[in-house]
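Accompanying notes for the structure given below.
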Amino acid sequence: MKNKIVIPQSEIYLPFYQKYLKESGSGFLVKSGLTFADFIVSEFLITLRQHAPDIMEKYPDLLQYLDRMKAIPQLKEYYSTRKEEFNNKCAYDNRK
Numbered sequence: 007m008k009n010k011i012v013i014p015q016s017e018i019y020l021p022f023y024q025k026y027l028k029e030s031g032s033g034f035l036v037k038s039g040l041t042f043a044d045f046i047v048s049e050f051l052i053t054l055r056q057h058a059p060d061i062m063e064k065y066p067d068l069l070q071y072l073d074r075m076k077a078i079p080q081l082k083e084y085y086s087t088r089k090e091e092f093n094n095k096c097a098y099d100n101r102k
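Take any residue in the sequence shown, count from 1 to its spot, add 6: that is its number in the working numbering.
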């Protein structure tokens, strides 16, 4: 699955995310700053890094972006105590 789906799709979408990140100039995906899109994309990238770290190493800007997301004061504690699991609840999900 990794070689047939994950790698080819990553080669399409990761440059796209990196492009928008650079063009925004805000450190987030949109020029105006942090938006819901950042939560969706960062959760995807966290999962990708967890299950295919070699893919993410090609995109240092996206790794820095994840560090920035995890450093947001309102999210810092959540990310530092979150148990990394496949299909774990995410930052924008209020499941108990």
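Glycine included, C-beta positions come from ideal geometry on N, C-alpha and C.
DSSP beta-bridge partners of residue i
i	result
G39	V36
Simplified DSSP state of residue i, which is helix, strand or coil
i	result
I78	coil
E63	coil
G89	Just to set this straight, residue 89 is Lys in the shown sequence, not Gly. K89 falls in the coil class under three-state DSSP.
CA-to-CA distance, residue j to residue i, given in whole angstroms
i	j	result
D67	R55	13 Å
F42	Y19	18 Å
Classification of residue i by the beta-carbon crowding that lies within 10 angstroms, buried from 16 upward
i	result
D44	buried
Three or more C-beta pairs closer than 8 Å, one from the region 37-48 and one from the region 8-18: is that the case here?
no
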